[in-house]
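J.:
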Amino acid sequence: MNVFKKQQWFIVICVAAITSCMRLSAQTGEDTLLHLPEVVITENYHNRAIRSALPTQIMTEKAIQNLNALQISDVVKHFSGVTVKDYGGIGGLKTVSVRGLGATHTAVGYNGVLLSDVQTGQIDIGRFSTDNVNSITLNQAQSDQIFQPARFFSAASVLHIHSRIPSFEQGEKTHGKGSLKTGSFGLVNPTVYLEQKISDRMAASLSGEWLSADGRYPYVLHYGPSKNDSSSLEKRQNTDVQNLRLEGALFGKISPTSRADARIYYYRSERGLPGAVIFYNTDNASKQRLWDETFFAQVHYRNDFTDKWALQANAKYNYGYQHYLDPTYLNSAGKLENTYRQHEGYGSVALLYSPYPALQLSTAADLTSATLDANLYNFVYPRRITLQSVMAAKFTAEKFTATANVLYTQTDEKVKNGNPAENHHKVSPCLAVSTQPFDDIDLHFRAFYKNIFRLPTFNDLYYSLVGKRDLKPEDAQQFNMGLTYGISGSDHLPFLSFAADIYRNTIKNKIVAVPVKNMFEWSMVNYGKVRIDGIDLSMESIFNLPHEISLSAGGTFSYQKALNMTDPQSSTYKNQIPYTPRTSGAAHATVEMPWFKVSYTLLWSGIRYALAENIPQNRLPGYTDHSFSLSKVVNTKRHTWHISVEALNVGDKNYEIVRNFHMPGRSFRGTVSIDF
Amino acid sequence: MKKKNVCILVLLAALFAACSDSDIVIDPTELPPSETQQILVLCEGIWNHNNSTLAFYDLKSKATDLDYFTTVNENGLGDTANDMIKYGSKIYIVVNESGTIEVIDAATGKSVKQIEMKTAEGSSRQPRYAAAYGGKVYVTSYDDTVTRIDTVSLTIDGSVAVGRDPEGICISTKNRKIYVANSGGLDFPDYDKTVSVIDLNSFEEIEQIEVGLNPYQVFADSQGDVYVSVRGNYADIAPSFKKISPLYEVSAIPNLTVSEFTIVNDKAYILYNEWGKESEVKVFDCKTEEVVTENFVTDGTSILNGYKITADAYSGDVYVTTSDYTTSGNVLCFDNKGTHKFTLQGVGIGPNKIILLN
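Chain order of the listed sequences is A and B.
Residue numbering for the first sequence follows my numbering, beginning at 195 and increasing consecutively.
Residue numbering for the second sequence follows my numbering, beginning at -9 and increasing consecutively.
Have a look at this one:
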């Protein structure tokens, strides 16, 4: 028992180390950067997911490789409880709504710091590639590790992208990876990744990526709902995209107890915005273009002073630029051209105190200052300062874990002209418990409650005429009960895990646009109420078969009864909210043989409604999307080559996730990469 | 029996026209009205959803087809059908985002022709509203033009530049002129302020009359006066209701707040709506130039989210559509005394134009 406990602790420590970009050197007493075999990492992640009181789903680098994923959004579609609103194609906007709450309630973290878009409140996860991603986690409520910045407590769910961390074999100084991906619709995607050991205490990584595609995929356009109605074969237009991503990171061990990392990130993209497919106007409907630039620099510092005290500090500066052009706009200028600039400064300090092995207490304070400039008429140039502080406690006994926290949020809003929006003071609690009732069975029961909100975005508040200053935050309540079960250790079945959760989420004061007097006058109001009752199921397994063949398979199922509870008089009352399937799921299976690897992925969704009324005219049919890949590893004397071929949407299913934004049909991709 | 009556009337009218000294041929728009048998309701749908619909109701048999156009033609209308007019035996449906004028046979609903309304670059010219007279249909488009369509060949046979982003269009047969409300809406906040006047014979813009910020709808009465609803800037400049005399004198009609209006038999039916409140209907007599009915609805029927208004020239019935822009709206019918006759529930999203067929 004692040994087992020790092992458990070791796993917990390992996981903490990996996921928070830390080194284990303090614990292991080594000065070299730690290297963990991938299998251990995978297993540890699964253990963490099983033990967490807050539902946690993790995709490791290896799992991601088997998902036929180009963008982060392709991975996220495999999580349960998730609806990715995908406007189709590589350049199309992709946002994540978790458990029916809407994309504005999902926080997206990147290597320990949240990404933010104060203008729209949602992150386009299509902009992040899976290249050099170490893991992607999705937490309901938040991570159950309490030692983190306050901002990570501030959303209904957190999607966190972790990049690779340099690790070196004995005597190794430099290594890296280069890859070239190409495929249908003009896809060209070279990447390069380099890790450099500078000293025993310092390492660096560099990453660069270029992606371009013309994106001109064919689709079938149906001009009516019935089978007899006419249809035509079309090609998506104005879908080109060119992305450049450059990233650099420095990892250092400052003292035996402290370490820091610093990161810079630069992304720029130019793309055509194809717009919705419009009947009888498909060829030249849109000539709109969008240019994006994102730059951020972030630093992270952590010091584990003693067994009892630890401190971490994070800081970030973020610059976001968007330039939108519609050269066919029928105004006097003959074009509509908007530029938006966001600046964000962020700082966070967190302290962890562990008075007893079973008890952790933490506190964190975050300060964020965000501004938005836009070349819009009468623009008010808003600036928001947000102070978030959190007190959290975690109690870990042999068979019982409890986590509780209270987040306090305070905003200070200023504008250059006119009146600023109201300032908000909010207290948001969260409580999570889990228990393992039987000694020798890895079965856990868990439950959590969280009360959280999302602030009105700058668009909600200040957008010309439409925005309203007196908006209240949108409130979300989450209740969750579930169980997890895991088997590990046997030779044939090294790993099996299962998670099932039922939940009820409610939203009140949902921020929606309503017409004031006519279709030219709209206004944002706190009007909507939504109630979501749902079930999330997920399963992961690894089987070892004879002849060194292994099979890993998993799947998720989501049920979301997401009802509009706003107005009992309305025809939309108790109707399923738009773009939220009642049932959806994903599955994946990979057979790994000594010669090559075959992967299969499935995404499926039941019917959805494109609009608030659940009437046949608004119905979007369900879909299934099957993809396969074949890959092989070739070891030469000095290098390891990976070659893979993917066939995506092999059934050539013509489907839409967002109405009139068709998804690509059957397509192919090939990748060659080399580890050096 | 009724059809016969109309035939006789048409014949008489034709005879009368032929016998008179002037060469004026009676225009389909000037035919005397007759009893309504069927109703067509155009619903604009939601922008980018390709869900504009044409609903069909038979008043006697109660036969209903909410997606009449698709049923008959096996293809949808397109995106944001904004207006439709009946001229002669055909109906012209103006589809804004698709950039088409769908010409259908009024009796069968069958599409006769789809007229393209595209710019040189191929994008939609964004046609908005239509009016017809003298064998021509005139369509305003956001590319700052009025397009003329010949109703025999069903082809575009001319185009004239007007003010910015024209919306409403009407024809004063008395003045023999076309009036166009130039909104300038796409130049927000720099709205246009004018109504363009186009000579019907030369098809040239002959005047731009300043009426106020952001003109929206125009309708003519029989004496040559043209009424304009002016929307203001939704901020410090309030909406107003204006009259243009045949001599282009502009006067404000006081104490009237107008969301939508129409003129039928020299009566302006005026709808006013504010979100969350009951809509009001007033009747303004264009001859005496005063409000003759303050509250048209007399039986306490409540109209929520009133959207558009139409009147039956034959019976005096008034149709009010409702819309919240996101869900299916209704059509409420009142008799000429303001008593509720019937409601068509859930017609489609944004019912914006009604055509009464006989």
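We put the beta carbon where it would ideally sit given N, CA and C, even for glycine.
When the cut-off is 7 Å and only beta carbons count, does residue 330/B lie next to chain A?
T.: For the purposes of this step, residue 330/B is taken as the residue at position 340 of the second sequence. Not an interface residue.
J.: Fully enclosed by the region 289 to 345 of chain B, which beta strand (DSSP E) runs are 3 residues long or longer?
T.: Whole beta strand (DSSP E) segments, 3+ residues: 296 to 301, 308 to 312, 318 to 324 and 330 to 339.
J.: To which residues does DSSP link residue 416/A through a beta bridge?
T.: Residue mapping note: residue 416/A aligns to position 222 of the first sequence, counting from 1. Paired residue(s): 425/A.
J.: Could you give the DSSP three-state label for residue 227/A: helix, strand or coil?
T.: Counted from its first residue, the first sequence places residue 227/A at position 33. Here the model assigns residue 227/A a pLDDT of 40, short of 50, so the residue's position is not dependable and the matter cannot be decided.
J.: When burial is assigned at 16 or more other CB atoms within 10 Å of the CB, is residue -6/B buried or exposed?
T.: Looking up residue -6/B in the second sequence gives position 4. Caution is warranted here: a pLDDT of 47 is assigned to residue -6/B, below 50, making its placement in the model unreliable, and no coordinate value can be reported.
J.: What number of angstroms, rounded off, separates the C-alpha of residue 233/B from the C-alpha of residue 169/B?
T.: By one-based count along the second sequence, residue 233/B stands at place 243. By one-based count along the second sequence, residue 169/B stands at place 179. Computed Cα separation, rounded: 12 Å.
J.: Classify residue 298/B as buried or exposed, calling it buried when 16 or more other Cβ atoms lie within 10 Å of its own Cβ.
T.: As a working note, residue 298/B is residue 308 in the second sequence. Buried, because 16 or more other Cβ atoms sit within 10 Å of the Cβ of residue 298/B.
J.: Measuring CA to CA, which of 446/A, 762/A, 813/A and 380/A is closest to residue 433/A?
T.: By 1-based counting over the first sequence, the position of residue 433/A is 239. Out of 446/A, 762/A, 813/A and 380/A, 380/A has the C-alpha closest to the C-alpha of residue 433/A.
J.: Along the beta strand (DSSP E) that carries residue 333/A, what are the first and last residues, could you check?
T.: As a working note, residue 333/A is residue 139 in the first sequence. From DSSP, the beta strand (DSSP E) with residue 333/A extends over 327 to 334.
J.: For residue 620/A, which option in 639/A, 347/A and 387/A has the closest C-alpha, if you only look at C-alpha atoms?
T.: The sequence position of residue 620/A within the first sequence is 426, counting from 1. The shortest Cα separation from residue 620/A among 639/A, 347/A and 387/A belongs to 347/A.
J.: Determine the extent of the beta strand (DSSP E) in which residue 674/A is found, giving its start and end residues.
T.: Taking the first residue of the first sequence as 1, we reach residue 674/A at position 480. Taken as a continuous stretch (DSSP letters only), the beta strand (DSSP E) holding residue 674/A covers 668 to 682.
J.: With a threshold of 6 Å on Cβ separation, who are the neighbours of residue 626/A within its own chain once the five nearest residues in sequence on each side are excluded?
T.: What you label residue 626/A is simply residue 432 of the first sequence in a count that begins at 1. 247, 248, 597 and 642.
J.: Compare the C-alpha of residue 306/B against each of 75/B, 331/B, 291/B and 296/B and name the closest.
T.: In the second sequence, counting from the first residue as 1, residue 306/B sits at position 316. The option with the nearest alpha carbon to residue 306/B is 331/B.
J.: Could you tell me the distance, in whole angstroms, from the CA atom of residue 818/A to the CA atom of residue 852/A?
T.: Counted from its first residue, the first sequence places residue 818/A at position 624. Counted from its first residue, the first sequence places residue 852/A at position 658. C-alpha separation (whole angstroms): 15 Å.
J.: Can you have a look at residue 87/B and say buried or exposed, based on whether 16 or more other CB atoms are within 10 angstroms of its CB?
T.: As a working note, residue 87/B is residue 97 in the second sequence. Buried, by the Cβ-count rule.
J.: Could one say the Cβ of residue 207/B lies closer than 7 Å to chain A's Cβ atoms, at least one of them?
T.: As a position in the second sequence, residue 207/B is number 217, starting the count at 1. By this cut-off, residue 207/B is not an interface position.
J.: Give me the DSSP bridge partner(s) of residue 579/A.
T.: Position 385 of the first sequence holds residue 579/A. Its beta-bridge partners are 563/A and 606/A.
J.: By Cβ distance below 8 Å, which residues in the same chain neighbour residue 784/A in space, the five residues on each side in sequence not counted?
T.: As a position in the first sequence, residue 784/A is number 590, starting the count at 1. Taken in chain order, the residues that qualify are 260, 745, 746, 747, 791, 792, 793 and 794.
J.: Strictly under 7 Å for the Cβ-Cβ distance: is residue 182/A near chain B by that measure?
T.: What the structure shows of chain A is the stretch from 195 to 870, and residue 182/A is not part of that stretch, so it cannot be assessed.
J.: Taking residue 870/A as part of the beta strand (DSSP E), name the residues at either end of that continuous run.
T.: Counting from one through the first sequence, the residue named residue 870/A turns up at place 676. Where residue 870/A is concerned, there is no enclosing beta strand (DSSP E), given that its DSSP letter is neither H nor E.
J.: Taking the straight line between their C-alpha atoms, what separation do you get for residue 216/A and residue 702/A?
T.: Counting from 1 along the first sequence, the entry for residue 216/A is found at position 22. Counting from 1 along the first sequence, the entry for residue 702/A is found at position 508. Bear in mind that the predicted position of residue 216/A carries a pLDDT of just 34, short of 50, making it unreliable; the figure below should be weighed with that in mind. Looking at the two C-alpha atoms, the distance is approximately 39 Å.
J.: Along the region 309 to 321 of chain B, what residues have a CB closer than 9 Å to any CB found in chain A?
T.: The residues in question are 313, 314, 315, 316, 317 and 318.
J.: Which runs of the beta strand (DSSP E), 3 residues or longer, sit entirely within the region 715 to 803 of chain A?
T.: Taking only runs of at least 3 residues, the beta strand (DSSP E) segments lying wholly in the region 715 to 803 of chain A are 716 to 739, 743 to 758, 777 to 786 and 791 to 799.
J.: Check residue 177/B in the structure and name its three-state DSSP category.
T.: The residue you call residue 177/B lines up with position 187 of the second sequence. Residue state, collapsed to three classes: helix.
J.: Contact defined as beta carbons within less than 8 Å: I believe residue 182/B pairs with residue 215/B. What is the distance between those atoms, to the nearest angstrom?
T.: Here residue 182/B corresponds to residue number 192 of the second sequence, with the count starting at 1. Here residue 215/B corresponds to residue number 225 of the second sequence, with the count starting at 1. So it is not a contact: roughly 21 Å between Cβ atoms.
J.: How would you call residue 348/B, buried or exposed, if buried means at least 16 neighbouring beta carbons within 10 angstroms?
T.: Within the second sequence, numbered from 1, the residue matching residue 348/B stands at position 358. Exposed: under 16 other Cβ atoms inside 10 Å.
J.: Counting Cβ pairs, one atom from each stretch, are 3 or more of them under 8 Å apart for the region 410 to 422 of chain A and the region 340 to 360 of chain A?
T.: Contact fails: fewer than three Cβ-Cβ distances are below 8 Å.
J.: Given that a residue counts as buried once 16 or more other Cβ atoms are within 10 Å of its Cβ, and exposed if not, what is residue 610/A?
T.: Residue numbering aside, residue 610/A sits at position 416 when the first sequence is read from its first letter. Exposed is the call here.
J.: Determine whether the beta carbon atoms of residue 749/A and residue 775/A lie at a separation below 7 Å.
T.: Numbered from 1 along the first sequence, position 555 holds the residue referred to as residue 749/A. Numbered from 1 along the first sequence, position 581 holds the residue referred to as residue 775/A. No.
J.: Apply the 10 Å Cβ neighbour rule to residue 201/B and answer buried if 16 or more other Cβ atoms are within range, or exposed otherwise.
T.: Counting from one through the second sequence, the residue named residue 201/B turns up at place 211. Buried is the call here.
J.: Excluding five sequence neighbours on each side, which residues of the same chain lie with their C-beta closer than 6 Å to the C-beta of residue 438/A?
T.: Here residue 438/A refers to the residue found at position 244 when the first sequence is read from its first residue. Closer than 6 Å at Cβ, skipping near neighbours: 404 and 462.
J.: So, is the C-beta of residue 475/A closer than 7 Å to a C-beta in chain B?
T.: Residue 475/A sits at position 281 when you count from the first residue of the first sequence. By this cut-off, residue 475/A is an interface position.
J.: Only counting the same chain, and skipping five residues up and downstream in sequence, which positions put a Cβ closer than 6 Å to that of residue 858/A?
T.: Position 664 of the first sequence, counting from 1, holds the residue named residue 858/A. Once the five neighbours on either side are set aside, the close Cβ partners of residue 858/A are 411.
J.: In the DSSP assignment, the beta strand (DSSP E) including residue 44/B goes from what residue to what residue?
T.: To locate residue 44/B, count along the second sequence from 1; it is residue 54. From DSSP, the beta strand (DSSP E) with residue 44/B extends over 43 to 48.
J.: May I ask which residues mark the beginning and end of the alpha helix (DSSP H) holding residue 63/B?
T.: In the second sequence, residue 63/B corresponds to position 73, counting from 1. 58 to 63 is the span of the alpha helix (DSSP H), which, as asked, contains residue 63/B.
J.: Within the 7 Å Cβ cut-off, does residue 765/A reach chain B?
T.: Position 571 of the first sequence, counted from the first residue, corresponds to residue 765/A. Chain B, which has a Cβ nearer than 7 Å to the Cβ of residue 765/A, makes this yes.
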